[in-house]
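In the working numbering, the protein residues as written are 86 to 312. Ideal placement from N, C-alpha and C gives every residue a C-beta, glycine not left out. Step one of this worksheet: look at the structure below.
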Ligand SMILES: C[S@@+](CC[C@H](N)C(=O)[O-])C[C@H]1O[C@@H](n2cnc3c(N)ncnc32)[C@H](O)[C@@H]1O
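Below, the structure written as structure tokens:
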């Protein structure tokens, strides 16, 4: 058994059964290690040599070096079409994740994505570029909330509302146990920025005020029930 943090456990829980995977931005290599431990084909990728070396050392320590191929790669560049059916891209900003997808998805069908920021931008990209969001989950690790999603490349459009892009269409629909705490933390973030901006009339002020209001509305149940 490989012991993972709640965030990494959440990421792993979204990977469809039995598919071969690549782990983009592997860094420490723990996601790749856990996937290999499940008996899957795994390719660990990183754009930087240092993190890739770190991943190799950790895999060796766990006796998994022969079960994970490591490649220096910007995004999915070093993956050939047909090599794997799922890509995990975790622990990066949503805009960077969208940039990686935009450069070419190499016939990969499933994407487990865990953005650290820019959630709106990532969902906006997915909605306009033929991805369907199949699952969305939340976790808390050391007072911080994390979101992850499983997307499938299907073609076609997935129209999302502004609130769905900010918060997540399936989180809004299913309101999982951490939902209200998560929204409260997003609201507090927006309120902190508002405090810093003070009375200055800037577009950023209006944007943050609208966001804080939106998070409050859905915390209180939106148009349906509250928490
Ligand atoms: C914060 S770490 C995340 C590590 C791990 N995926 C996780 O979720 O804990 C980000 C890693 O992504 C790598 N990275 C950044 N941009 C990348 C890109 N365009 N392609 C591949 N790897 C990238 C960095 O070198 C770093 O090792």
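Separation of residue 210 and residue 256 (C-alpha to C-alpha, rounded to the nearest whole angstrom) is 18 angstroms.
The beta carbon of residue 270 sits no closer than 7 angstroms to any heavy atom of ligand 1. The beta carbon of residue 250 sits closer than 8 angstroms to the beta carbons of 204, 205, 208, 209, 212 from its chain, once the five residues preceding and following it are set aside; these are given in chain order. Put simply, the region 220-229 touches the region 86-106. At least three CB pairs are less than 8 angstroms apart. At a cut-off of 4 residues, the continuous stretches assigned as alpha helix (DSSP H) that sit fully inside the region 230-300 are 247-252, 254-259, 264-282. Excluding the 5 residues flanking it on each side, residue 182 has same chain C-beta neighbours closer than 6 angstroms at 174, 198, 200, 207, in chain order.
Beta-bridge partners assigned by DSSP to residue 155: 129.
Cβ neighbours of residue 118 within its own chain (closer than 8 angstroms, five residues either side excluded): 87, 143, 144, 147, 149, 153. When Cβ pairs closer than 8 angstroms are counted between the two stretches, the region 152-172 is seen to touch the region 123-134, the count reaching three or more. The three-state reading of DSSP puts residue 182 in helix, counting H, G and I together. Judged by their CB atoms, residue 171 and residue 100 are nearer to each other than the 8 angstroms cut-off.
For the options 162, 103, 120, the alpha carbon positioned closest to that of residue 131 is the one of 162. Comparing C-alpha distances from residue 122 to each of 236, 276, 134, 102 shows the shortest one belongs to 102. Closest in alpha carbon position to residue 192, among 140, 165, 141, is 165. Here the C-alpha atom of residue 285 lies approximately 13 angstroms from the C-alpha atom of residue 294. In this structure, the straight-line span from the alpha carbon of residue 289 to that of residue 274 is close to 13 angstroms. Chain order is used for the residues whose beta-carbon lies nearer than 5 angstroms to a heavy atom of ligand 1, namely 110, 112, 131, 132, 133, 136, 159, 160, 175, 176. Here DSSP, grouped into helix, strand and coil, assigns residue 199 to strand. Non-local beta-carbon contacts of residue 242 in its own chain, meaning distances under 8 angstroms to residues more than five positions away in sequence, involve 212, 213, 215 in chain order. Across the structure, residue 138 and residue 270 are spaced so that their CA atoms are roughly 36 angstroms apart.
By the criterion of a C-beta distance shorter than 7 angstroms, residue 167 is surrounded in its chain by 192, once the five residues flanking it on both sides are discounted.
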